[in-house]
Every structure is written in C-alpha cells, then in structure tokens.
Amino acid sequence: MSNANPKGEHYAAQLEAALVQGQWTSNAPAKGYNQVPISWSELFRKHRKHCPADAVAAEVASQLHAVSLLLLRGRSLAEDPEGDDRSVDGELRFTDECVLSAECKAEGQESYDKLDAIGDKTDSVRSTLGYMSYTLARPHDCLVHLKSFSADDVDSLSPWARVERIRSLTLKGMASELVSPADALGYYTSVIQLLPPPAPANPPGELARWAERALWRACILSAQSLPASEVLPVMRTYVAHTSRWPAAFRPRHRSTVLRLHLHALSLCAPPGPSSQRPGRLAWLHETRTTVAEARAVLTGSTRFPASGARNVAVEAFVDGCVRVWEAGGATGEQADWLIDIIYWAMRLTFNSPRLMRHLSRLLAASGDIQLSKRTLMLYIRLMQHAREASDKSAPRSPVVDGLPNGASVYPPPPDDGSDPDPLFLHTIVHGIRMLCRAGDAPAAAELVPIARGVLERCRLPQYELDEAKAALDLAQAIWNLITGVKAHSPDARQKHLQAARSLLEDIDTPAASYHLALVLSLGGSATLNEAIATARAAVEGAPREVRAWHLLGLLLSAQGDVSAARSILELGGALEEEDPAPPDPTTIDILKGWNEQQFGWPGEQEDWGKRDEREDALQLRMTLVALMENVLGAEGASKRWVEVFTWWSQMSPENTSSHNVTPEIPALTLTRTMTPPVEQDEHSPDTPIPIQLIPPSPAETETPSSHSQDASPRISSPTSEKEKDGDKLMAKMREQVTKGRARIDTISKKIATRGRSNSDVRRSSSAPDFSLVLSRTSSYQASSIHSRGRLPSPIGSLAIRRRSPSPPPPPPPPPPSAEKEKAKGREKRDRRLRSELWLMSAATFRRQGRLESARGAIQYAEACDPHNANVYTQLGLYYVAHRDAMRAAAALDKALVLSPDNVQAHIHRATLHLDADDVDLAEGILNGLTTGAGWATPEAWFVRAQAAGRQGRVKEQRQWLERALVLCEGRGIREVGEALGWCL
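Sequential numbering from 1 applies to the sequence shown in UniProt numbering.
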C-alpha cells in the first residue's frame, strides 16, 4: 500500500490501523487528513480516491467490514461486545462462532462474489475469501483458499498482514475440525509462533480476537487429547497474553481456561506441604497468579445474581481454588488467602451453600473454630430450607437397576445451588469431627441426629450407602470417645466409652481401628494387648499415616517393649523424611474429575482428616526423645534435643522471619538499682532482681548458690565440666534454631539411628515407689507435663522453706508485636508447638539438675506463647527445685487461671499444700481432679492417697494407691491424649 502523495500515505495508514483495531461498529474508526473523524464508508472513499493504485485493499476492507457487521447482527453489543455469548462457562466445547445465520447468508454470499471477482488474488484477497467461505459454512472451500498460508517468513510482515496470517491459520484449524480433526491442533499451536510478546491491548483489536480464539481452541483440544506436560505450556501462553487484556474481553473463554489451568495444577501439585520440596515454590507462584487473574476476570465480567439465580462461574471458580488447596496439602497456612477469595465471592453470590461449606472447612483449618462452627450452622440452615422448598427428600426411583455390586443410577437433584444429600451428609460428618477435635462435644451432639435424618433420605447405591453409614458411625463413636474422656461421672464415662467401642468394632477401616485402639488404651493393662493388635491393624491399613505409627509406639512403650517401641517410632519418623515421587505430567489426563458433580459418597480417604505433617512428626520426635530419656537418662536425651531443634528449624523456614522460633532476647544482665544495696540478714525476704534472660552460654553459670543478693554486672562462679557441656548443648540448640533458611545437612534429621536397647522400659517413670512412700524415707514428686523421669523429690526429704533464698523470677515476656497480635489460628498453633518444644527440653534440663538451662528454656517458651499454661507449670517446678514454695505456688496459680483443667498444675499445687500441712485444701483439689479431668492420671490418685494418709483414712489411702498402680500398669511413655489427641 504505497502512495506517491502525503494524503495517500495518510489514508493507507489510517485504513490499516482501522482494520487492525477492528472496531466494525464504530462511527469514526479513522481520521481524515485534517484530523477530523470519518466513518468507514468515508474512509473507503478517501482511500480509493487518493490510492488508486491500491484499490484492491479498499475493496477487501469494504467486504470484510460488511461480513463483520453481518456476524454482529442480532447480538447485544452492550452485554457481549466480543462475541462469546454463545459459549457456556465451564463447557469444553466449541460453538458455531464465525458462522452467519441463515437470514444473513444471502448478503454474505453477495460480498463473497464481489471479492471473488477480483482478478488479482493477493494474499489479502485469498485470506479474506477463506474467511468468508467459513462464515458461509463451507469449510472445504476455506481450506482451498488458505492452503498456502503457514507460520513461515513472518518477520517482514506488516501489522495487518500479521493479523491476516494469524486469522488464516486459525480458520484452517476451525475448518479442519469439521473436515480432518486430527490436523486442527497443529494449526492452532502454529499461531503461537506468530504472536508478538504479551502487551496491553485496550481495547483489544483483531490480533487479540484471533489470537485468543486460536489459543482457546488449542487449550481445549490439547486438554482432550494430550497429557498435562503438553497442555500446560499452551495454557501458560494463553494466560500470559490474556492477562494483559481487559477483564471484559472474552470472559467466558478466559474463566474456563483459567479454571482448567487450576485443575491441571491441582493434578500436577508437588507432593507434601513443605515449601522446600522441588518445584513447590514455582507451583505456588503459578497457582496464585492464575487465581488472581481468574478473580480479576470474574470481577469485571459478572454481576450479583437476580432473585432465584446463581452465579455459577464464581461458584465453580471457588471449587477450583479449593481443589488446588487440597492438592497443596490442605494446610492451615495456605487457608487464609482462600478465605479471602470466598469472602470476595460472597459479594457476587447470595447465600450459596457451596461457599458456606468451603468456608466452614477453611476456617477450621486456619484455627478459627468458633467462626467455622457458626458458618457450619448457617450452611445447615440453608440446606434445610432448600430441602423444604424443593422437596428433595422425597424418594426417587432409580433410573437403572442391576448394576454390579447392587449399584443403581439415580437422577441428579434439581440444580438450585444446594448440595446433594450425600455431600450434605459428608459436610455434617466433617463438622461433627471438627467440633470433637476442638473439644466442643455438646455442639457435636446436636449434629448427630441431623446427620441421621439426612442419611435416611440419601438415595445411594447400597455400597456407597454402607460407606456413608460407616463414616457417620465413626463420627458418632469419636463423639462418644471425647464425651467419655471428659465425663466426671464414672458411670457416664463407662457408658460413652462402651458405646464408642461398640460402634468402632463394626467398622472395618484403618481410621476406625485407630480410634478403637485409643478407646482400648483407656482400659489400662487389661485391654493393652488388644489395643496393640488394633493399632497394628491401623498401621497395616494406613502405612503412610504417622499418627498410626505414633500410637503403636506409645502402646508398645506401655507394654514395656522398649526395642519395639523405638523401632516403630523411628519408622514413623522416617515417613516424613521420605520425599514421595512427584506426579508425572506425561501421564496425567487433566480432564480427570473436571466439572464433575459429586452425588455419591466420597469414600474412606477422608477418614484420617487433614493435619499438619510437621505437627505430627514433631510430636513423634518428642515421644522418641522421652523414650530415650528412660533408656539413656536425662544426660543422653539432652543431646538429642539438638537434632529435634535442627529438624524443626529445617521444616519451618518461615520461623526465621516474622515467626522466629527464638525471639530476640537481650543477653543476661543484672540491672543495678539507683539506691545502695541494703544489707539483709538470713531471715529477711529476698527482693526480686529484674533481669533479662537467654539460655546460658558456656561463660554463664547456673548453680543455685550463684544467685547472691547483691547486684552485679555479671554472674560468674566456677562451672563444672558437666554444666559446661550442657551449656554448649543449649548454645548449639539456639544456634541451630536461628539458622533460618540456611540449608542444614540432611543427616541431622536422622533420629536415634544407633544403639537399639533390649532392656525393659522403666515402668511409667512417674509411677510412685510405694515402699518409699509407706516408709516415709523420701517423698514423691509427680512427673512433669512432658516425660516421666524418676527423680529424687525435692519435696518432703528436702522440706521447702517459704523464706529460703531463691533465684529471682524470670521477667515478664516482651509485649507481642503488632504482627503477632494479628496472628491467628494456625500461627497460634505453631507458636504453641514451639513453646511446648522448649518446655520439654526445660523438663529434661531440670531433671539433669541444670536449673539455669531449664530457666532459659522456660523463658523462650514464654516468649513464644505467653498464654501457654504449661509454661507456668514448668516455672512452678523450677521454683520447687529451688525450694521457693511461694513463687512456685504463684506460678501454678497462674497456670490454673490460664487453663483450669491443667492436670499437672493441680497435682503440683496440691503437693505444695501437703508440704505446707494444708491437707484439707489438697484433698479438696484432688477430689475434684480425680473425678474430673485427672481421672486417668496415676499421679493424681497417688497424691490423693498421700492426703488420705495424712488424714488417717487408711482404707481410702489403700484404695487410691491401688487405683494409681492399675493406671501405671498400662501407661505409655507419654499421655496418649497429649501426644496425639483423641480425634483425628
């Protein structure tokens, strides 16, 4: 299109620009030489006048404009300016786009004849004739006109020539779908070579229209015939280009491809939730980018639905996001961004049960149990109202009978947006277990009859109905277990536990075997062998479940088989260290499970629930260290804490940033007061000295005698070799935890790989020595909250003097930062786990006699979670070891304020009352404890026997001692409820 005059060059450039923009309905697509807007007809006239040598270009443009207007006829340009109104969101099929309606074909044929009459068949003429042939539903003629077009020699093409080349290849693919479908995908993928780099286009022109059409069809055809490894690159190209275009451009196509992209990513997700797994961070980034793009498209293209209508596109998008979250491990850390997505979706929907169902589950995963409970109740009310309105509960006859296994095919329920009965039942069952796990048994009890009613209405094949009934029975058994454990009445406790056992014995699943073993473990030595056999069945049925291995190890330790318990725990810990094989994209069909409505029962795979793998593995390692302490003693176990802290820092890289395992605490200093030191005699009460603490370094000492009453810049005193070794261990633990994202050698993750001992376990190391008690040669100190080391008690033989010198108390923790104040749910749980880890190490240090190391660990635990009652229980034991009864009592009282049911705090508080000769107060505490939360704790019964002996009630003393002995016989190295909880 060259011209010899300025006007000719101007109108040639204006014509090409107007064609590239493709604004066929515009009244002013171009400007005249005087910069005045002109219409299409005026543009064609001006071009013919000033470019007589290029009259073919004007004729091609004129006929192309006429055909484009015919294609747009009868469509609402205000609602659908880009012409994908005939496509259905989520359907992977093509509509009859670019085909003229029957009433327009006569005018289209006239335009085709005029253009075909041109003698000089240039590339532009042949490309336009091929386009017109396709609009007239003549795919064979289209392929004849376009046979010479390919993706070669594109560097020298003008912008409009590039558009024509892309359009021609796209039309060849569309015509091939009707003539030879096997060739269509090759034409579409060849368009990718012609596309310029992604760039913004507002408004999108002909290049964007034909490029999107080619990529859209390439995505759908490749998804239907190719594995994920070949489909994902095409989808990534589609997303890269369309993300630069307005949200209102082809929204149905784009939302469908983006949802399909999310579905493909969910199938190709790297295994496990750890961000250190290969490809995990890249997968997360691509997932979040795709979700953000889909959200932007739906925001710009959807509206709040009218009364009785649904926003299907938004609901389906949320389903895809939840599927990706599940594929990524369904962890609480990844739930917050998805909760934000659902809150956004609620602004585009009205009382959608699907969104309520997803939101309840996500809130529970993030730790917001109360809001999850309220959302679940709202979901149930919505579903009940929908059932009343549509009468879905009426019996429906099966369409097909006599299928294998007695199955039948039932018609789907009306599509009013509510969930089918099986999914409704599954959600209620999940809610029952969620509430039981949170300790809200009364709320769970309200859902059981509702679930029974839904089960009666379910119309399912018999084998799926059996699975649904088993899942509901399992949930009800878990509720009975939780209620029985917390019951204060022995009769009520026995009733609920027996009901749980009866239900679980009729269910043949690994999860049921696991819970049955939990029930049997409460029976002591009488049912210990049966509990071990049931736990073995759970391990055999679910060999990848860490909690099943952990339970079996605890039960074997209760039996006294240390070697077997250690082997089982090591095998369970090795499961987490094994990196499962990532999915092979070359074998994945990305249409698997696409757009399926679940009307059947999801099956047994959900019985184990979703938990944080790090938490399960950490609890198992804590049990293993407690076991090794019984075998090797506190000195041998303390060295293993380095391995545990190293593993935790490696598994929790985020702890080095905003949620550091080791909060910043200044070095140990003593603050001088402005007044001179006051001389104190040995009878005057000691004055607390404000200090700042960190776990001691080798230069710091920790003997009780080092706490002198005078203030000095540093504490220094001779340090034993044993204490120096312990300080080095503590410093190394602190160093390992604060390494952050630095890669740690994987060999440090191995736990207890040497030295299998065949010796018998020391019987429940908190079990009392009854001969010593009766002879009063020494007194018993109940075990710590974590493990069961048998230590000489500082209470009794070493009487506590209320006014004895004692070390100053640790200062209150620093105020939490704003970021920690905002933390919730999963983050709080992580801080609680870190706090418990420090407390367990503090208990080991205390049993070694290294009290200052114990104090430093308690300080770290308090900084991690100041609301953890166990922190103040350990602090009370620390003061007991220093023979400071007053401060020990204050610490234990604070523990009881934070957690009124803290069993160990009650036991140690009662022990302090006994040592102070307040026997009646001790008896009052222990009476309520042994009939309530501490009914299965042998220390509680033992200390109560001591109180009865002090009161001269010999018969009751003997009864309580026998009860304590029975409980000790079937007790593991740690409490099952503390290590595993009572519900999956």
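Every residue gets a Cβ at the ideal spot worked out from N, C-alpha and C, and that includes glycine.
Between E545 and L215, what straight-line distance do the alpha-carbon atoms span, to the nearest angstrom? 43 Å
Nearest neighbour of D336, chosen from E315, R347, H358, P353 [CA to CA]: Comparing Cα-Cα distances from D336 to each of E315, R347, H358, P353, the minimum goes to H358.
For V897, report the span of its alpha helix (DSSP H) as first-last. 885-898
I need the straight-line Cα distance from L69 to A55, nearest angstrom please. 21 Å
Can you give the beta carbon distance from P159 to E9, rounded, assuming they're within the 8 Å contact cut? P159 to E9, Cβ: 16 Å. No contact.
Looking only at its own chain, which residues have a Cβ that is under 6 Å from the Cβ of A137, when we skip the five neighbours before and after it? V99
Which of helix, strand or coil does DSSP assign to A916? coil
If you check the beta carbons only, do A565 and S557 fall under 7 Å apart? Closer than 7 Å, so yes.
Report the rounded CA-to-CA distance for I380 versus Q874, giving the unit in angstroms. As the crow flies, the alpha-carbon of I380 is around 44 Å from that of Q874.
Which residues DSSP lists as bridging P37, in chain order: K31
Reduced DSSP secondary structure (H/G/I, E/B, other) of G928: helix
Own chain partners of M383 with C-beta closer than 8 Å, once the 5 adjacent residues on each side are dropped: P353, S418, D419, F424
Quick check on K392: does DSSP put it in helix, strand or coil? Confidence is the limiting factor: at K392 the pLDDT is only 47, short of 50, which leaves the residue's position unreliable, though a coordinate-based value still follows. K392 falls in the coil class under three-state DSSP.
Per-residue burial, Y172 [other beta carbons within 10 Å of its own, 16 or more giving buried]: A small fix is needed here, since residue 172 is Lys in this sequence, not Tyr. Residue environment analysis places K172 among the buried positions, since at least 16 neighbouring C-beta atoms fall within 10 angstroms of its C-beta.
Taking L178 as the reference, give the member of V231, A161, H140 with the closest Cα. Cα-wise, what sits closest to L178 is H140.
Could you tell me whether the region 973-982 touches the region 615-625, using the rule of 3 or more Cβ pairs below 8 Å? yes
With 16 other CB atoms within 10 Å as the buried threshold, where does R93 fall? exposed
Out of C104, G972, E91, S124, which has the shortest C-alpha to C-alpha gap to S62? If we check each option's Cα against that of S62, S124 comes out closest.
Pairwise C-alpha distance: L43 and A208: 23 Å
Among L71, T299, L262, A175, which has the Cα closest to the Cα of W283? L262
Suppose the cutoff is 6 Å on Cβ atoms and the five residues either side in sequence are ignored; what does the same chain contact list for I38 look like? A30, G32
Own chain partners of T287 with C-beta closer than 6 Å, once the 5 adjacent residues on each side are dropped: Apart from the 5 residues on each side of it in sequence, T287 sits with its Cβ closer than 6 Å to the Cβ of L265, V324 in its chain, given in chain order.
When every heavy atom of the ligand MG is checked, does at least one fall within less than 6 Å of the C-beta of C864? You won't find the ligand MG in this model; it holds no ligand whatsoever.
For residue 1050, collect the residues of the same chain with a Cβ closer than 8 Å to its Cβ; drop the 5 residues on either side in sequence, then sort them by chain order. No answer is possible for residue 1050: the residues shown for the chain start at 1 and end at 984.
Between which two residues does the alpha helix (DSSP H) holding Q14 run? Looking at the DSSP string, the run of the alpha helix (DSSP H) that includes Q14 is 6-21.
Look up Q462 in the DSSP assignment and say whether it is helix, strand or coil. helix
Give me, in chain order, the residues of the same chain whose beta-carbon lies closer than 8 Å to that of P585; leave out the 5 immediate sequence neighbours on both sides. P227, A228, S229, L232, C268
Could you round the C-beta distance between I907 and A940 to whole angstroms and report it? I think they count as a contact, below 8 Å. 6 Å
Which stretch, first to last residue, makes up the alpha helix (DSSP H) that contains L348? Secondary structure note for L348: it is in no alpha helix (DSSP H), with a DSSP letter that is neither H nor E.
Whether V191 touches C219 by CB criterion (7 Å): Cβ atoms of V191 and C219: not closer than 7 Å.
Do the region 915-929 and the region 489-508 meet, that is, are 3 or more Cβ pairs less than 8 Å apart? no
Please list the terminal residues of the continuous alpha helix (DSSP H) segment that includes N630. Unbroken alpha helix (DSSP H) run through N630: 613-651.
Less than 7 Å separating the beta-carbons of L520 and T509? no
Under a three-way DSSP split, which group does P422 fall into? helix
Between the CA atoms of T483 and S243 - distance to the nearest angstrom: Our two residues, S243 and T483, have alpha carbons roughly 53 Å apart in a direct line.
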